[in-house]
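In C-alpha coordinates:
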(Lines of atoms letter the chains of each structure in order from A and count residues from 1; the text may use other names and numbers.)
(Lines give C-alpha, C1' and ligand atoms only; values in the text may rest on other atoms or scores of the structure.)
Protein backbone atom coordinates (compact mmCIF):
# COMPACT_ATOMS: atom_id res chain seq x y z
CA UNK A 1 0.00 0.00 0.00
CA UNK A 2 2.82 2.36 0.87
CA UNK A 3 4.54 1.87 -2.49
CA UNK A 4 1.27 2.35 -4.34
CA UNK A 5 0.62 5.66 -2.58
CA UNK A 6 4.14 6.81 -3.31
CA UNK A 7 3.81 5.88 -6.99
CA UNK A 8 0.48 7.73 -7.23
CA UNK A 9 2.07 10.76 -5.58
CA UNK A 10 4.90 10.81 -8.13
CA UNK A 11 2.47 10.42 -11.03
CA UNK A 12 0.30 13.25 -9.69
CA UNK A 13 3.36 15.47 -9.32
CA UNK A 14 4.50 14.67 -12.86
CA UNK A 15 1.08 15.57 -14.27
CA UNK A 16 1.20 18.85 -12.34
CA UNK A 17 4.65 19.67 -13.73
CA UNK A 18 3.56 18.97 -17.32
CA UNK A 19 0.47 21.13 -16.92
CA UNK A 20 2.50 23.98 -15.42
CA UNK A 21 4.97 23.77 -18.30
CA UNK A 22 2.07 23.91 -20.76
CA UNK A 23 0.78 26.97 -18.89
CA UNK A 24 4.17 28.68 -19.16
CA UNK A 25 4.33 27.87 -22.87
CA UNK A 26 0.82 29.31 -23.25
CA UNK A 27 1.92 32.55 -21.57
CA UNK A 28 4.85 32.90 -23.96
CA UNK A 29 2.63 31.99 -26.94
CA UNK A 30 0.38 34.96 -26.29
CA UNK A 31 -1.90 33.59 -23.61
CA UNK A 32 -3.69 30.91 -25.62
CA UNK A 33 -2.41 27.42 -26.39
CA UNK A 34 -4.57 24.71 -28.01
CA UNK A 35 -7.65 26.94 -27.58
CA UNK A 36 -7.16 27.24 -23.81
CA UNK A 37 -6.13 30.29 -21.81
CA UNK A 38 -2.98 29.94 -19.72
CA UNK A 39 -4.99 29.83 -16.48
CA UNK A 40 -6.76 26.64 -17.60
CA UNK A 41 -3.44 24.84 -17.20
CA UNK A 42 -2.40 26.24 -13.82
CA UNK A 43 -5.58 25.68 -11.80
CA UNK A 44 -5.78 21.89 -12.36
CA UNK A 45 -2.01 21.67 -11.90
CA UNK A 46 -2.35 23.10 -8.39
CA UNK A 47 -4.93 20.42 -7.59
CA UNK A 48 -2.67 17.63 -8.85
CA UNK A 49 0.23 19.09 -6.88
CA UNK A 50 -1.85 19.25 -3.71
CA UNK A 51 -3.03 15.68 -4.26
CA UNK A 52 0.59 14.57 -4.61
CA UNK A 53 1.53 16.29 -1.36
CA UNK A 54 -1.35 14.62 0.49
CA UNK A 55 -0.40 11.23 -0.96
CA UNK A 56 3.21 11.69 0.22
CA UNK A 57 1.91 12.57 3.68
CA UNK A 58 -0.24 9.43 3.56
CA UNK A 59 2.90 7.35 2.92
CA UNK A 60 4.51 8.90 5.99
CA UNK A 61 1.46 8.16 8.13
CA UNK A 62 1.04 4.59 6.85
CA UNK A 63 2.51 2.31 9.52
CA UNK A 64 2.57 -0.87 7.44
CA UNK A 65 5.64 -1.80 5.42
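In my numbering, the protein residues as written are 104 to 168.
For glycine and all other residues, C-beta sits at the position ideal for the given N, C-alpha and C.
Report the residue ranges of all alpha helix (DSSP H) runs contained in full by the stretch 104-149; include only those spanning at least 4 residues, in chain order.
For the alpha helix (DSSP H) assignment, the uninterrupted runs of no fewer than 4 residues enclosed by the stretch 104-149 are, from N- to C-terminal side, 105-131.
Assign residue 146 to buried or exposed, taking buried as 16 or more other Cβ atoms, counted over all protein chains shown, within 10 Å of its Cβ.
With fewer than 16 other Cβ atoms inside 10 Å of its own Cβ, residue 146 counts as exposed.
Is any non-hydrogen atom of the ligand ZN found closer than 7 Å to the C-beta of residue 116, if you look at the structure I gave you?
Absence of the ligand ZN is noted for the structure shown, with no ligands found whatsoever.
At a cut of 8 Å, does the stretch 119-131 reach the stretch 156-164 through at least three beta carbon pairs?
Not touching, per the Cβ criterion.
Assign residue 117 to buried or exposed, taking buried as 16 or more other Cβ atoms, counted over all protein chains shown, within 10 Å of its Cβ.
Exposed: under 16 other Cβ atoms inside 10 Å.
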